[in-house]
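Residue numbers (the numbering used here): 3 to 115. The block underneath contains the structure these notes are about, expressed in structure tokens.
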């Protein structure tokens, strides 16, 4: 996507990237149904010592939801808890929807309780 291209250019030009920059790229991944790229960007953030926030995780979980990738979505939800990142309605809706699209109703039900 164009957003990912810009992120690569920023790296090449040694322009500092932050959470907002990554969130914009992650949002593009979500819209483009590029869940694997979104997961890679979160790893890149960690490698760059950039802390993901609720918006970051919501975008990645939503990208996983678009691909019916329920396991990474739930792993990210657990990561949020471990990092004390606030989870909200959008977070849970995306995680439940990822389970639903993969026809994994039991994990979805567990999120509701």
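Positions of the beta carbon are idealized from the N, C-alpha and C atoms, including for glycine. Since the structure is predicted, the reported quantities are computational estimates derived from the model, not experimental observations.
Between the options, which has its C-alpha nearest residue i's C-alpha?
i	options	result
residue 39	8, 49, 27, 48	27
residue 125	15, 61, 106	Beyond the ends of the chain as shown, which are 3 and 115, falls residue 125; an answer cannot be given.
residue 86	72, 109, 55, 105	55
residue 93	70, 63, 114	63
residue 73	29, 23, 41	41
residue 57	65, 51, 50	65
residue 59	82, 50, 49	82
residue 69	50, 51, 49, 35	35
Taking only the alpha-carbon atoms, compute the straight-line gap between residue i and residue j and give it to the nearest angstrom.
i	j	result
residue 76	residue 11	32 Å
residue 14	residue 53	21 Å
residue 103	residue 95	12 Å
residue 7	residue 101	31 Å
residue 91	residue 20	25 Å
residue 113	residue 71	16 Å
residue 106	residue 37	18 Å
residue 47	residue 24	8 Å
residue 43	residue 98	22 Å
residue 33	residue 110	23 Å
Quick one: give me the first and last residue of the alpha helix (DSSP H) that residue i is part of.
i	result
residue 115	Taken as a continuous stretch (DSSP letters only), residue 115 belongs to no alpha helix (DSSP H), as it is neither H nor E.
residue 100	91 to 103
residue 74	72 to 84
residue 29	21 to 33
residue 67	56 to 68
residue 44	37 to 49
Compute the beta-carbon to beta-carbon distance between residue i and residue j, rounded to the nearest angstrom, for a pair I have assumed lies under 8 Å.
i	j	result
residue 79	residue 89	7 Å
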